[in-house]
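Residue numbers (the working numbering), protein chains in the order written: chain A, 1 to 277; chain B, 1 to 277. Virtual Cβ for every residue (Gly too), placed ideally from N, Cα, C. Just so you know, these numbers come straight off a predicted model, no measurement behind them. The block underneath contains the structure these notes are about, expressed in structure tokens.
Number of protein chains: 2
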Amino acid sequence: MAASPLLDTSRLCVHTITTQPWPVEEAIERYVQAGVAGMTVWRQALTGRDPARVGEQIRAAGLSIVSLCRGGFFPAPDPAGRQAAIADNRRAIEEAAALGAPLVVLVCGAVPGQPLEESRRQIKEGIMAVLPDAERYGVRLAVEPLHPMYADSRSAINTLAQANDICAELASPLVGVAVDVYHLWWDPHLEAEIRRCAQARRLFAFHVSDWKTPTEDLLNDRGLMGEGCIPIRQIRGWVEEAGFSGFNEVEIFSNKYWAMDQQEFLQAIKTAYLRHV
Amino acid sequence: MAASPLLDTSRLCVHTITTQPWPVEEAIERYVQAGVAGMTVWRQALTGRDPARVGEQIRAAGLSIVSLCRGGFFPAPDPAGRQAAIADNRRAIEEAAALGAPLVVLVCGAVPGQPLEESRRQIKEGIMAVLPDAERYGVRLAVEPLHPMYADSRSAINTLAQANDICAELASPLVGVAVDVYHLWWDPHLEAEIRRCAQARRLFAFHVSDWKTPTEDLLNDRGLMGEGCIPIRQIRGWVEEAGFSGFNEVEIFSNKYWAMDQQEFLQAIKTAYLRHV
Chain A
1 MAASPLLDTS RLCVHTITTQ PWPVEEAIER YVQAGVAGMT VWRQALTGRD PARVGEQIRA
61 AGLSIVSLCR GGFFPAPDPA GRQAAIADNR RAIEEAAALG APLVVLVCGA VPGQPLEESR
121 RQIKEGIMAV LPDAERYGVR LAVEPLHPMY ADSRSAINTL AQANDICAEL ASPLVGVAVD
181 VYHLWWDPHL EAEIRRCAQA RRLFAFHVSD WKTPTEDLLN DRGLMGEGCI PIRQIRGWVE
241 EAGFSGFNEV EIFSNKYWAM DQQEFLQAIK TAYLRHV
Chain B
1 MAASPLLDTS RLCVHTITTQ PWPVEEAIER YVQAGVAGMT VWRQALTGRD PARVGEQIRA
61 AGLSIVSLCR GGFFPAPDPA GRQAAIADNR RAIEEAAALG APLVVLVCGA VPGQPLEESR
121 RQIKEGIMAV LPDAERYGVR LAVEPLHPMY ADSRSAINTL AQANDICAEL ASPLVGVAVD
181 VYHLWWDPHL EAEIRRCAQA RRLFAFHVSD WKTPTEDLLN DRGLMGEGCI PIRQIRGWVE
241 EAGFSGFNEV EIFSNKYWAM DQQEFLQAIK TAYLRHV
């Protein structure tokens with residue numbers, strides 16, 4: 001059953017990367033003016049800034065901090081590379097704690113030519129290595145399964161079933177999943193796996209955008225909601241039936257949208273959110 | 001277990017689209033000179049020609065005709081569109097029979113925005129509608145699952161499990177699957193599903209190419225075998241352990257390779273085939 005239309009923007013969160021031409025200070029101001037309620041902060045938005053100070057600015061403006069994007073990229077061909085990845089994920093957790101973000105989203109990683117099974121083993125080891133840090137800071141971690149077109153170099157976790165499996169193996173209340181419609185909409189097991197992760201109380205985040213026909217770039221040609229073929233409202237229905245009541249996060253990578261006036265783009269996001277999410 | 005290296009080109013088949021700058025007559029001549037043993041003919045290679053005559057030329061040159069590409073694209077928003085698709089698939093079966101191709105490969109189709117379940121239902125209906133033609137001409141049909149990045153507009157069948165399911169429902173000895181490493185390499189259930197389709201004697205075709213990092217175009221940037229991250233030899237091992245002994249078909253869509261000297265490209269295919277398939 002599809003969800004009812006959203007009547008307001010009280011659960012609308014926007015990722016800083018969606019409007020990346022704006023420095024984070026401008027994004028805060030513009031989001032608040034537009035009635036956006038939450039912000040997910042990408043780490044590059046913090047470059048040259050004190051995360052604790054940025055966190056204060058976001059909260060002072062009245063926005064909720066939904067998550068920090070992103071940790072992950074655990075696999076590497078050599079132990080030194082894997083240790084460096086673990087160290088970087090520890091920094092991400094510290095940054096999230098300083099910022100006041102309750103969640104770090106993990107794009108888990110893959111190494112071209114390395115067997116996917118080996119990458120999955122390294123991902124599990126990497127998450128286990130940083131779990132004590134997550135516990136210490138009280139920061140949760142969300143495994144985000146990525147579309148199979150990113151299995152070469154970005155993530156060896158490509159379905160929600162795989163994300164659920166790794167969470168079940170890790171068996172920590174701090175490790176859950178992020179459901180992104182762009183990555184998962186095609187999967188015939190999506191509804192069942194959403195129920196599975198919700199039953200285990202590990203549905204930590206819900207991301208929306210759309211899949212355009214044609215898609216001209218594998219990475220940076222995502223569509224605004226309603227512009228493509230993803231049954232977003234139906235998937236939101238599944239997520240909410242499973243008990244999720246968190247933010248609907250708009251995460252759009254788009255050379256086309258980054259090139260346009262960001263204020264107009266933000267208004268278009270708001271309109272598309274109310275019409276199509 | 002990975003397969004042993006191939007020692008000769010006696011099971012090497014090349015798709016006419018792989019060397020599409022060549023008219024089919026030139027492709028026949030060049031393939032034979034290079035020691036290629038089989039040819040899969042794309043329908044556009046037959047434009048303006050009599051399929052029976054082209055079939056005679058291919059056989060007279062000593063090449064095996066492996067399949068005709070492609071039928072499918074059954075889903076449409078309206079009944080007239082679906083009837084037109086069925087009529088076109090009947091023509092494809094007739095062309096295959098005239099050519100002397102024992103198999104038509106089906107790229108099953110999808111309609112942007114139409115629920116994938118509905119497209120799958122229309123695919124099943126479409127195949128059922130043309131089955132009497134397949135029986136009459138003794139031509140087999142191979143459902144080719146396509147990578148999930150084509151779920152918007154090219155195929156609502158995106159895993160080998162789905163292809164096996166639809167074949168099991170149709171329950172005809174004339175309907176099987178084509179396993180293409182480019183579409184399926186990322187799937188954690190691939191080995192098990194290859195066993196399943198082989199046990200049911202429905203593994204009809206095996207296609208190879210490679211997945212490059214980065215991939216710059218969703219459609220026409222496939223790699224030569226060895227150029228990317230797909231464990232081709234391992235997958236060939238699964239296919240052969242399951243009893244497949246047919247051709248290894250090289251199907252590469254690549255703006256880059258189509259722009260180069262096709263004779264040099266064919267030599268590169270042969271070298272890559274012996275080293276990496």
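- Interface annotation, A:GLU169: not in contact with chain B, CB-CB separation never under 9 Å.
- Taken through DSSP and simplified to helix, strand or coil, A:ILE232 comes out as helix.
- The alpha carbon of A:GLU240 has as its nearest neighbour, out of A:ALA198, A:HIS147, A:ILE252 and A:ILE230, the alpha carbon of A:ALA198.
- Residues of the same chain with a CB within less than 7 Å of the CB of A:ALA3, apart from the 5 flanking positions on each side, are ARG233, ARG236, GLY237 and GLU240 in chain order.
- Using a Cβ-Cβ distance cut-off of 8 Å, the stretch 49–59 of chain B and the stretch 73–92 of chain B are not in contact, since fewer than three pairs of beta carbons, one from each stretch, lie closer than that value.
- Interface annotation for the stretch 142–173 of chain A against chain B: HIS147, PRO148, MET149, ALA151, ASP152, SER153, ASN158 and GLN162, criterion Cβ-Cβ distance under 7 Å.
- Nearest CB-CB separation between A:GLY38 and chain B: not below the 9 Å threshold.
- Secondary structure of B:LEU160 (DSSP, three-state): helix.
- Secondary-structure assignment with DSSP links A:SER67 through a beta bridge to A:THR40.
- The beta-carbon of A:GLY228 is placed less than 9 Å from the nearest beta-carbon of chain B.
- Following the DSSP letters along the chain, one finds A:HIS276 inside the alpha helix (DSSP H) bounded by residues 262–276.
- Beta-bridge annotation (DSSP): B:HIS15 is paired with B:THR40.
- The residue among A:SER254, A:ALA96, A:GLY228 and A:ASN164 with its C-alpha nearest the C-alpha of B:PRO112 is A:GLY228.
- According to the DSSP secondary-structure assignment, B:VAL179 is paired through a beta bridge with B:PHE206.
- In this structure, the straight-line span from the alpha carbon of B:LEU146 to that of B:GLY138 is close to 25 Å.
- Not a single CB atom of chain B sits nearer than 9 Å to the CB of A:GLU241.
- Around the Cβ of A:THR47, a 10 Å sphere holds fewer than 16 other Cβ atoms; the residue is exposed.
- Within the DSSP bridge table, the entry for A:ALA142 names A:VAL105 and A:GLY176 as partners.
- At a cut-off of 9 Å between beta-carbon atoms, B:ASP187 makes contact with chain A.
- The C-beta of B:GLY113 comes closer than 9 Å to at least one C-beta of chain A.
- Straight-line measurement puts the Cα of A:HIS15 at about 17 Å from the Cα of A:LYS256.
- In this structure, the straight-line span from the alpha carbon of B:PRO21 to that of B:LEU219 is close to 17 Å.
- Between the beta-carbon of A:ALA110 and that of A:ASP152 there is about 6 Å, and that keeps the pair under the 8 Å contact cut.
- Taking A:PHE247 as the centre and dropping the five residues before and after it, the same chain places the C-beta of ARG11, CYS13, GLY38 and VAL66 closer than 6 Å to its C-beta, in chain order.
- Counting along the chain, the unbroken beta strand (DSSP E) around A:GLU249 starts and ends at 248–250.
- Taking all protein chains in view, the Cβ of A:ALA178 is crowded by 16 or more other Cβ atoms within 10 Å, so the residue is classified as buried.
- Non-local C-beta neighbours of A:PHE204 in its own chain, meaning closer than 7 Å and more than five positions away in sequence, comprise LEU103, ARG140, ALA142, GLY176, VAL177 and ALA178, ordered along the chain.
- Between B:ALA45 and A:GLU251, the alpha-carbon positions lie close to 43 Å from each other.
- For A:TRP211, the neighbours in chain B by C-beta distance under 7 Å run, in chain order, ASP152.
- In this structure, A:TYR31 lies near A:ALA61, with their beta-carbon atoms less than 9 Å apart.
- With fewer than 16 other beta carbons inside 10 angstroms of its own, B:MET260 counts as exposed.
- Taking every protein chain shown into account, the CB of A:THR271 has fewer than 16 other CB atoms within 10 angstroms, so this residue is exposed.
- Beta-carbon to beta-carbon, B:VAL105 and B:GLU144 are separated by about 5 Å, close enough to satisfy the 8 Å threshold.
- Inclusion of B:LEU116 and B:VAL41 in the CB contact set at 9 Å is not warranted, their separation being larger than that value.
- Under the 10 Å beta carbon count, A:PRO148 is surrounded by 16 or more other beta carbons and is classified as buried.
- Residue pairing for B:ASP221: DSSP places it in a beta bridge opposite B:SER254.
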